[in-house]
């Protein structure tokens, strides 16, 4: 494989679009700085392609053979293909991407590791990527908040993929509302506690792919000084195997049977009285704060998974549409590939616009995570974009997956093709890591108005910079985006004012507000893509010509078919419509 | 059970909403005439409820245990629960609903049988209803077009459910484009032929639930006088067991593994050289015309299945939202059922608006099928509405199912609740019986402009009648619908003109046109519901008060959140935007 994708490489895969990743990384000014050395990153992208291609069947196998648990032997069975994929991921060094060099990691920026993971995510949507994503998150949490001893014990084996990690937040009665959790911790000595209670929705809780599995568990410390609600939650390290080699007192109670993302076992389990946990950093009642430092990364990861489900479906249905012969053009009797039918092209355009837009959004958020370490404006922008990055791709790349099935017709509805699985796998993303409803409340109720609306202004200013820059070269797109940004500003101001007077009324259509912001932001990113493509077109040759033309065409499609929706959204929001607030349970 | 649903009955089921069915039947002026005797129909609705409740587990079982085929024994295995359900359907007389009295049927109008089937469809979305739906269709086809001998041999056993029926249209290379089919028929004598070729996507092709299975097969007669394309297609009766008791020469080659609707085995199979078929009615090259007489019923049936998936998901998620305790109201610490959260109510409102609107649309189409037998205006209205009835519910009640999962959160993503299955079952409806893309071409390219636009005018006139009737009582809704009807008229006129000059350009956004028409028509039906409810409210008591209030509130929601979308749609269509037409395969 060449260090940069050559023309001939374009679309040789039906799984990912390397050319598009290269376009984002090196032809979008926003990302080059954080992407690092091009040759190094390209080599890793090549390796990611190899990983995808050499384990191409793992996803379908994992979907068809979901993990099973035998209560007699207490063994969770996982297909060999899953195990082989995890080994390959570890041996290929993919667990090391974002980890610090001092911990044995490669120290990649989130931008760069997002690029690599975007290739891998396209190849493995069924939850296979979740094993190490959670492990990476656990390592980062302990690294950021653990005591020296906790770091020394756990970070490196997690980074190296010898240990696995899980996040055990939810309980059966406490999913969206963490303050209702009931797990208890009783102090023993130092950072050591005994935990009891039950957890729900824990991904990767038990299996034999790792030497040890480190659960990060939220619980409330017993005692008078524990505050009520969210501020009384603490975070514990609960290893499957204790440091002395003995098993911890945790018990798997069963697996959840999911619609999709079936590679990753999802468990409910309990901590018995002898369950040992170590308070992260020895810091009481700091659990939610500690978790929240990971939230941005986790939400980018969910958005990325959603976007990649969309990209994969687009690539699969594109390949099908080019090969499948059926019907003829209007007024002709010659059979043609179905891509010649306008409605099939619309279905492909919709997928390209939504999923590549979503992917760009995730790259952008990742670059803001990187930039925010040194740049306050980036940090502010990131804050307001995070709920959008989690929610928008999970709703709109799912819509793209709907169209991927449609391109394939009856075949798309069968398990002989991956598109029906993508639709199932992607459906989880609207739910986990904070439902989209919660993201919308976070966006409108907190982020839009925080610091007197500073984040809203920062986002509007950033978008208007591109409006002005492209006013002459892409006047139609620039004008449309300018109007949309104006609507965004006035709508947010109006809702912000209402928030201080009647918050329930202001928030009644928060979901629509998030959609409006998402559509506006993604239109902005498409304007950036169209601008970059237009600039390159005059000197482009070979396959780059249709590539850049396609980018401009898709941007126009997005503006006319999608951005146009923001007018009705702004009108609805501006009218402070309250159907959802007014309707009573008895009315249903 | 009482003959009419009493107040206390409301929402005792999480599967269907009997009260809403009664509201449509007896409180919507459009339907009472075709619904027939209320007491008789109510007894059948009661029986349908009993069927649903007594076989409540059959759907989930059929989904978890899809049919399997053993090539060694050639046996297709079907769960006992499916067999028991089919027996109960037959013994309960449900196969007789729409069949003529002279054939042993009950002679119900399509309106009445749609009402009964709407209860059953809510209970069985996994394809269980497909066995007899196809059988009913086969009986009707033979009854309408068969020779006297064919009718005498096949109609009654099909009506009585002793025989099953299938529709064998598609082939692997010929799904949407029937003119490309390759199955051949060679004349023997009289109406007897020998058929050869392969068929794809045949539902219910083989299993042992019936004494015989009668396939209605499209094929082309060998010979010089067979016209090219669609006009050269003939329809044959191909029984599994021949009249002399010997097996016909048909061979199952395999089952398709579907994402949903798994109860009904979907097969690919072939006709060997000795395969006997009987030309329907002895009429050569009349196959498509004969099939098309069933098309309206079949498309109403698809729309109804989609609508019922939506209704079921709404009822399931409503029950969950009332019981599930989590989180607190803004500014409070008391835990509440999640239905108290505005965004959950929005998700329920969206489902109610979309799925009950879709159901009303199907009832309306069914009544037009009935009325069209004696009323030309109804026939014209039906023509233009049929593609909308097939396509709109399959896209928008699917959207409702998306929200049903969301209300249940993580639980909704598991197979412990039916909502994830509804989402999978419903996804087929955009594809079969003519993809939604084909429906859109039919609507805009044919129906909208046929008879110089007579159907468009008839629909607009019918809608405007309700606009005028409600101008004083529901002025906001009437005004909004009036504007939407105006947009519908001008947009259709503009596209109609373009059709004669540049058909490709006119049809480039046909999908959006269908959505616009569907949203406008469903808004109209919601206006009718709001009008009926408003009229009843002053004298209503008990549970009827919130029921009627809920109808008015949901109508308002639909107008503000959904009908509002038609402005952007009309603008897009009016601009003759051509992204989908202009984009070239290389641009992707």
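Protein chains in written order, with the numbering used here: chain A, 373 to 960; chain B, 373 to 960.
Ideal Cβ placement from N, Cα and C applies to all residues, glycine included.
Specify whether the stretch 941–956 of chain B and the stretch 866–882 of chain B touch according to this definition: at least 3 beta carbon pairs, one from each stretch, less than 8 Å apart.
Touching, yes.
Where does the unbroken alpha helix (DSSP H) through residue 403 of chain B begin, and where does it stop?
On the second chain, residue 403 of chain B is found 31 positions in, with the first residue counted as 1. According to the DSSP assignment, residue 403 of chain B belongs to the alpha helix (DSSP H) that extends over 401–407.
Excluding the five sequence neighbours on either side, which residues of its own chain have a C-beta within less than 8 Å of the C-beta of residue 404 of chain A, listed in chain order?
As a first step, residue 404 of chain A must be located in the first chain, where it is residue number 32. Only 397, 398 meet the Cβ criterion.
For residue 821 of chain A and residue 871 of chain A, believed in contact at Cβ under 8 Å, the rounded distance:
For the purposes of this step, residue 871 of chain A is identified with residue 499 of the first chain, where counting begins at 1. For the purposes of this step, residue 821 of chain A is identified with residue 449 of the first chain, where counting begins at 1. Right, the Cβ-Cβ distance comes to about 6 Å (below 8 Å), so this counts as a contact.
Alpha carbons only, please: which of B:729, B:835, B:805, B:890 is nearest the one belonging to residue 361 of chain B?
The shown model of chain B, from 373 to 960, leaves out residue 361 of chain B, and the question about it has no answer.
CA-to-CA distance, residue 533 of chain A to residue 479 of chain A, given in whole angstroms:
For this step, residue 479 of chain A is matched to residue 107 along the first chain. For this step, residue 533 of chain A is matched to residue 161 along the first chain. Between residue 479 of chain A and residue 533 of chain A, the C-alpha separation is close to 15 Å.
Short CB-CB distance (under 7 Å) between residue 955 of chain A and chain B
By one-based count along the first chain, residue 955 of chain A stands at place 583. It does: the Cβ of residue 955 of chain A has a partner Cβ on chain B nearer than 7 Å.
Residue burial classification, residue 463 of chain B (beta-carbon count within 10 angstroms, cutoff 16)
The sequence position of residue 463 of chain B within the second chain is 91, counting from 1. It counts as exposed.
Counting beta carbon pairs with one atom in the stretch 561–576 of chain A and one in the stretch 646–659 of chain A, are three or more of them shorter than 8 Å?
When C-beta atoms of the stretch 646–659 of chain A are compared with those of the stretch 561–576 of chain A, three or more pairs fall below 8 Å, so the two segments count as touching.
DSSP beta-bridge partners of residue 441 of chain B
To locate residue 441 of chain B, count along the second chain from 1; it is residue 69. For residue 441 of chain B, the beta-bridge partners assigned by DSSP are B:448.
Beta-carbon within less than 7 Å of residue 772 of chain A's beta-carbon, same chain only, minus the 5 sequence neighbours each way: which residues are those?
Locating residue 772 of chain A in the first chain gives position 400, where the first residue counts as 1. Answer for residue 772 of chain A: 682, 685, 686, 722, 723, 726, 727, listed in chain order.
Classify residue 450 of chain A as buried or exposed, calling it buried when 16 or more other Cβ atoms lie within 10 Å of its own Cβ.
The residue labelled residue 450 of chain A in the question sits at position 78 within the first chain. Residue 450 of chain A is buried by the Cβ-count criterion.
Across which residues does DSSP place residue 593 of chain B in a beta bridge pair?
As a first step, residue 593 of chain B is located in the second chain; it is residue number 221 there, counting from the start. In the DSSP output, where bridge partners are listed per residue, residue 593 of chain B has B:557.
Do you know offhand how far residue 902 of chain A's Cα is from residue 717 of chain A's?
By one-based count along the first chain, residue 902 of chain A stands at place 530. By one-based count along the first chain, residue 717 of chain A stands at place 345. Put simply, the backbone Cα of residue 902 of chain A is about 19 Å away from that of residue 717 of chain A.
Enumerate in chain order the residues of its own chain whose CB-to-CB distance from residue 623 of chain A is below 7 Å, with the five nearest sequence positions on each side excluded.
Along the first chain, read from residue 1 onward, the residue named residue 623 of chain A stands at position 251. Taken in chain order, the residues that qualify are 641, 642, 644.
Do you know offhand how far residue 824 of chain A's Cα is from residue 888 of chain A's?
Here residue 824 of chain A refers to the residue found at position 452 when the first chain is read from its first residue. Here residue 888 of chain A refers to the residue found at position 516 when the first chain is read from its first residue. Spanning the two alpha carbons is a distance of roughly 21 Å.
Name the chain B residues that come within less than 7 Å of residue 802 of chain A, Cβ to Cβ?
Position 430 of the first chain holds residue 802 of chain A. Here the neighbours are 778.
Using the three-state DSSP reduction, which class does residue 540 of chain B fall into: helix, strand or coil?
Position 168 of the second chain, counting from 1, holds the residue named residue 540 of chain B. In the structure shown, residue 540 of chain B sits in a strand (DSSP, three-state: E or B).
Can you tell which of B:764, B:767, B:795 has the C-alpha that lies nearest to the C-alpha of residue 776 of chain B?
Locating residue 776 of chain B in the second chain gives position 404, counting from the first residue. The residue among B:764, B:767, B:795 with its C-alpha nearest the C-alpha of residue 776 of chain B is B:795.
Close beta carbons around residue 431 of chain B, own chain, < 8 Å, minus the five adjacent residues each side
Here residue 431 of chain B refers to the residue found at position 59 when the second chain is read from its first residue. Around residue 431 of chain B: 495, 496, 497, 498, 500, 635, 790, 793.
Beta carbon proximity, residue 764 of chain A to chain B, threshold 7 Å:
On the first chain, position 392 is the one that residue 764 of chain A refers to. Contact with chain B is absent for residue 764 of chain A, since none of that chain's Cβ atoms lies less than 7 Å from the residue's Cβ.
Check this for me: beta carbons of residue 611 of chain A and residue 638 of chain A, under 7 Å apart or not?
One-based indexing of the first chain puts residue 611 of chain A at position 239. One-based indexing of the first chain puts residue 638 of chain A at position 266. In terms of Cβ geometry, residue 611 of chain A and residue 638 of chain A do not form a close pair [threshold 7 Å].
Any chain A beta carbon closer than 7 Å to residue 786 of chain B:
By 1-based counting over the second chain, the position of residue 786 of chain B is 414. Yes, residue 786 of chain B counts as interfacial toward chain A.
In chain A, which residues lie less than 7 Å from residue 573 of chain B when you measure between Cβ atoms?
One-based indexing of the second chain puts residue 573 of chain B at position 201. Near residue 573 of chain B (Cβ distances below 7 Å), the residues of chain A are 782.
Give the residues of chain A in contact with residue 548 of chain B, contact being defined as C-beta atoms less than 8 Å apart.
Here residue 548 of chain B refers to the residue found at position 176 of the second chain. Those within 8 Å of residue 548 of chain B in chain A are 698, 699, 781.
When the cut-off is 7 Å and only beta carbons count, does residue 718 of chain A lie next to chain B?
Translated into the one-based positions of the first chain, residue 718 of chain A becomes position 346. Interface residue, yes.
Pair within 7 Å by beta-carbon distance, residue 657 of chain B and residue 576 of chain B
What you label residue 657 of chain B is simply residue 285 of the second chain in a count that begins at 1. What you label residue 576 of chain B is simply residue 204 of the second chain in a count that begins at 1. For the pair residue 657 of chain B and residue 576 of chain B, the CB atoms are not nearer than the 7 Å cut-off.
How do the stretch 872–879 of chain A and the stretch 741–758 of chain A stand: do at least 3 beta-carbon pairs fall below 8 Å, yes or no?
Output reads no: the stretch 741–758 of chain A does not touch the stretch 872–879 of chain A.
So residue 624 of chain B is in the beta strand (DSSP E); what residue range does that whole segment cover?
In the second chain, the residue the question calls residue 624 of chain B occupies position 252. Unbroken beta strand (DSSP E) run through residue 624 of chain B: 622–627.
So what does DSSP say about residue 838 of chain B, is it helix, strand or coil?
Residue 838 of chain B sits at position 466 when you count from the first residue of the second chain. Helix.
Can a CB atom of chain B be found closer than 7 Å to the CB of residue 951 of chain A?
Numbered from 1 along the first chain, position 579 holds the residue referred to as residue 951 of chain A. By this cut-off, residue 951 of chain A is an interface position.
Could you name the residues that DSSP lists as bridge partners for residue 630 of chain A?
Against the first chain, residue 630 of chain A aligns to sequence position 258. According to DSSP, which records beta bridges pairwise, residue 630 of chain A is partnered with B:786.
Chain-ordered chain A contacts of residue 807 of chain B [CB-CB under 8 Å]:
Translated into positions along the second chain, residue 807 of chain B becomes position 435. Result: 778, 781.
Less than 7 Å between CB atoms is the rule here; does residue 645 of chain A satisfy it with respect to chain B?
For the purposes of this step, residue 645 of chain A is taken as residue 273 along the first chain, with counting starting at 1. Chain B contact via Cβ: absent.
Find the nearest neighbour of residue 606 of chain B within the set B:590, B:570, B:774, judged by alpha-carbon distance.
For the purposes of this step, residue 606 of chain B is taken as the residue at position 234 of the second chain. Taking each of B:590, B:570, B:774 in turn and checking the Cα distance to residue 606 of chain B, the smallest one comes out for B:590.
At what residues does the alpha helix (DSSP H) containing residue 735 of chain B begin and finish?
In the second chain, counting from the first residue as 1, residue 735 of chain B sits at position 363. Taken as a continuous stretch (DSSP letters only), the alpha helix (DSSP H) holding residue 735 of chain B covers 714–743.
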